[in-house]
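Okay, so the sequence shown: first residue is -14 according to our numbering, each after it adds one.
By construction, the Cβ of each residue, glycine as well, lies at the ideal position given by its N, Cα and C atoms.
The structure under discussion appears below in the form of C-alpha cells.
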Amino acid sequence: MKRILTLVLLLAVSASIAQSKKAYGDGEWFRFRIHYGLITAGYATLEVDQETLNGKSVYHVKGEGRTTGVTRLFFNVEDYYESYIDTDKDIPYRFIRKIDEGGHTKDIQIDFDHETNQALVFNKKHNNKETLSFPKDAQDMVSAFYYLRNRLDVSNMQEGDVTEMNMFFDKENYKFRLKFLYRETLKTKFGKVPCMVFRPYVQAGRVFKEKESLTVWVSDDDNRIPVRIKASLAVGNLKADLVEFKGLKHSFKLEVD
C-alpha cells in the first residue's frame, strides 16, 4: 500500500484526454476507493479551488490518500499532494509533497520559474534548498493530469499510439509515456460508462519502476475523468474506483440500454 496517492495520480495522468473546451474548473472533487477485491485498503481524493498565487490566477489542486481500517493497523499511509496551476497556461508554479508511508516521510516544496526553467526544491524535512533545471513545459505529477485533460488531442489516435511529455518530480526529470489501448464500456456504481483505456509508462528511477502494469479507464465525455485504475501485482490486482464526485464542469455521460 505504499504510495497510494502517487499511484492514483500517476494513473490519473494517463487517464487525461484533452478537448477544445476546458475539462474542469473550480469546485471539482473526486473520491476513489482503493481495494484488493472486496477488501478496502484506503481512499484518495482530488479537489480543485481557484485562488491567487503571487498575483497570478491559479487552480489550487489538493490530493490526499490514506489507508483505512485493518490496513491502517499494519501499514499506515498518509499522503498529501498540492499543485498551483496557471488557469490559462496549464503550467505549475508550485508543487507540494508531504507523505508518511509506514514511517518513511518526505516534506518537499518545489517552486517553478518557467522563464529560466529553474526549479527551487525546498526539502523541509532536512531544511535544505536546491535549484535544479527542468525541460521546457515540464509538469509536476498533479499538474500533468490537468494539463493533459485540456491539451492532449486524441481525436485521431489509433490503438497503440504513444504520447510523451516531460515530468519533474522531487529532484529529477522523467519522460512520461502514455499508450492508448482501446475503448470499452465499464460497469460502475453509477451505471455503464463509455471509457477510453490507457497504459502509462514512466522512465525508471528511484521513485518509479519501468513498465509497471498499470491500466486506467477514463470517461469518454467532456469531463475526461478517471473511473477505474488498476495495478497488476504478483499477488493480484490493486484497484482504485471512482465512488463519489461533485462539481463536474460537464454532464457525466452514461450508456443506456
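Going by DSSP, what residue range makes up the beta strand (DSSP E) through residue 48? 41 to 52
Is the Cβ-Cβ distance between residue 131 and residue 44 less than 8 Å? yes
Meets three-Cβ-pair contact criterion under 8 Å: the region 16 to 31 and the region 49 to 61: yes
The region 73 to 82 in contact with the region 93 to 113 per 3-pair CB rule at 8 Å: Touching, per the Cβ criterion.
Please report the straight-line C-alpha distance between residue 118 and residue 22, rounded to a whole angstrom. 42 Å
Do residue 147 and residue 163 have their C-beta atoms within less than 8 Å of each other? yes
Just tell me which of 137, 158 and 72 has its CA closest to the CA of residue 106. Checked all of 137, 158 and 72; the closest Cα to residue 106 is 158.
Are residue 175 and residue 208 touching if we call contact CB-CB under 8 Å? no
Going along the chain, which residues of its own chain have a beta-carbon closer than 6 Å to the beta-carbon of residue 67, five neighbours each way excluded? 47 and 81
Could you check whether residue 239 and residue 178 sit closer than 8 Å to each other, using their CB atoms as the reference points? Residue 239 sits close to residue 178, with the two beta carbons spaced by under 8 Å.
Between residue 232 and the rest of its own chain, which residues show a CB-CB distance below 6 Å, the 5 nearest in sequence each way excluded? 12, 13 and 14
Could you check what DSSP says for residue 184 in three-state terms: helix, strand or coil? strand
Taking the alpha-carbon of residue 123 as reference, which of 99, 210 and 241 has the nearest alpha-carbon? 99
Could you tell me the alpha carbon to alpha carbon distance between residue 156 and residue 149, rounded to whole angstroms? 20 Å
Bridge-paired residues (DSSP) for residue 90: 85
Where residue 86 and residue 173 are concerned, what is the direct C-alpha to C-alpha distance, given to the nearest angstrom? 30 Å
Assumed close pair residue 16, residue 169 - CB separation to whole angstroms, cut-off 8 Å: Wrong, their Cβ atoms sit about 23 Å apart, outside the cutoff.
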